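Colleague:
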Ligand code: ZN
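In our numbering, the protein residues as written are 17 to 150.
(1) From the DSSP output, which residues share a beta bridge with residue 64?
(2) Name, in chain order, the residues that DSSP records as bridge partners for residue 122.
(3) For the alpha helix (DSSP H) that residue 82 lies in, which residues bound it at each end?
(4) With three or more C-beta pairs closer than 8 Å as the rule, is the stretch 113–126 touching the stretch 62–71?
(5) CA-CA distance, residue 32 and residue 81?
(6) Looking at the secondary structure, which residues open and close the alpha helix (DSSP H) in which residue 28 lies?
(7) Which of helix, strand or coil does DSSP assign to residue 45?
(8) What is the residue span of the beta strand (DSSP E) that residue 144 lies within?
(9) Whose C-alpha, out of 128, 61 and 90, is nearest the C-alpha of residue 108?
What follows is the structure, given as structure tokens:
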């Protein structure tokens, strides 16, 4: 079996982390698939998706601080939109995740959540979810 779905989210600031674990789990539940794989794909070039800690809000803050150190705005950038630092962060963090589905649930560690990460917001963004299995 396979199922494709999507949902929209609204980001609230230029850099923003939104926990989308519940929305992705809803897509898995709606698919009726109990054992398989779930792919989460972000169709944007200045936003990304990652798995990280859900307990301490300082974790997203610190990761964003590190990403800003790795990819600051630079005057040498040529891209006319002026958001090359955001494009770079998207490439560093990534546009998709592959997750294990077992017992109809996403297999995640206790402290893990799925985070949509915005680097050029606020915007309305889209998330695609493909679930495959039986
Ligand atoms: Zn751009």
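C-beta atoms are modelled at their ideal positions from N, C-alpha and C, and glycine is treated no differently.
What you are looking at is a predicted structure, and each value in this text was computed from that prediction instead of being measured.
Modeller: Taking the coordinates as given:
(1) 133
(2) DSSP lists 117 as partners of residue 122.
(3) 74–86
(4) yes
(5) 12 Å
(6) For residue 28, there is no enclosing alpha helix (DSSP H), since its DSSP letter is neither H nor E.
(7) helix
(8) 140–149
(9) 61
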